[in-house]
Amino acid sequence: MRVRSIAIALLLTLASACISSSGRGVFASVPVPASVLMDSRTIDRGVPARPGQLTAAEVDSLAPRIRALRADPDVLDAFVGDTLRVAREVRILALDSAGTVLGELPVYDFGYTGRGFRLLADGGLSLSRAGTIVFTARLPATHWTGAPAERPRAAVTLTIRRGGP
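Number 105 in the working numbering belongs to position 121 of the sequence shown; there are no gaps in the numbering.
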């Protein structure tokens, strides 16, 4: 059991170092083991069911009409030492070309850029340094047929402060 605990701690430390030193950030899924943090993943759990949320079948049928994503809210404040679960706090809304909200996406690709955080196995974000982290949600690649650079995305700015409430 102790060997397993040491191995898990080592993986978390290595993953944290990769996240902090990468200028590109990390794309992953919720929940995700620390050993696969650098893979591009899709959130398929962790987003709670809410009114107005699209079903998987609705996302499939509406995908050709989705032209933009919007995060609600687009700014979150937290403190050093907090554990934040962004998928529970933020709604990612799909919009058509006219800006009409089609509904909330239950599934999306995501990533973080910034320093002073660690992505936990349960999908939480452990905050260890004051500063700014940007959470970016993208329409899953499986639903996008256009150029990769044009894939719809939405950003949330996480402002991390010292101290507490």
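Just so it is clear, CB atoms sit at the ideal spot from N, CA and C, and this is done for glycine as well.
Got a sec? Which residues, its chain only, sit under 6 Å from S104 by beta carbon, not counting five neighbours each side? One point to set straight first is that residue 104 is Leu, not Ser, in the sequence displayed. Result list for L104: S110, in chain order.
Which of helix, strand or coil does DSSP assign to V85? Correct three-state label for V85: strand.
Could you work out which residue in A131, A40, A52 and G147 is closest to P90 when comparing CA atoms only? When A131, A40, A52 and G147 are compared, the shortest CA-CA separation from P90 is found for A40.
Under 7 Å, do D93 and R51 count as touching if we go by C-beta distance? No.
How far does the beta strand (DSSP E) with R69 in it reach, from first residue to last? No beta strand (DSSP E) holds R69; DSSP gives it neither H nor E.
From the DSSP output, read off the bridge partner residues of R193. Because residue 193 is not part of the residues shown, which for the chain are -15 to 149, the question remains open.
Can you tell which of A71, R69 and D44 has its C-alpha closest to the C-alpha of T126? Selection A71, R69 and D44 evaluated against T126 yields D44 as nearest (Cα-Cα).
Starting from A41, trace the alpha helix (DSSP H) in both directions and tell me its first and last residue. A40 to L46 is the span of the alpha helix (DSSP H), which, as asked, contains A41.
Backbone CA spacing between L123 and Q37 [nearest angstrom]: The straight-line gap from Cα to Cα measures roughly 15 Å.
Given this structure, state the Cα-to-Cα distance separating P136 from F119, to the nearest angstrom. Straight-line Cα distance between these residues: approximately 14 Å.
V140: buried (16+ other C-beta within 10 angstroms of its C-beta) or exposed? Its Cβ being crowded by 16 or more others within 10 Å, V140 is buried.
What's the gap between the Cα of T116 and the Cα of G98? For T116 and G98, the distance between alpha carbons rounds to 6 Å.
With distances taken between CB atoms, is the gap from R72 to D56 smaller than 7 Å? Not a contact, by the Cβ cut-off of 7 Å.
List the endpoints of the continuous beta strand (DSSP E) containing V118. G115 to R122 is the span of the beta strand (DSSP E), which, as asked, contains V118.
Should A(-9) go down as buried or exposed, given a rule of 16 or more other Cβ atoms within 10 Å for buried? Residue placement at A(-9) is flagged as unreliable, the pLDDT there being 45, under the threshold of 50; a coordinate-derived value is accordingly withheld.
Measure the C-alpha to C-alpha separation of P15 and D106 and round it to an integer number of angstroms. Note that P15 scores a pLDDT of 38, beneath 50, so its modelled location is shaky and nothing firm can be said.
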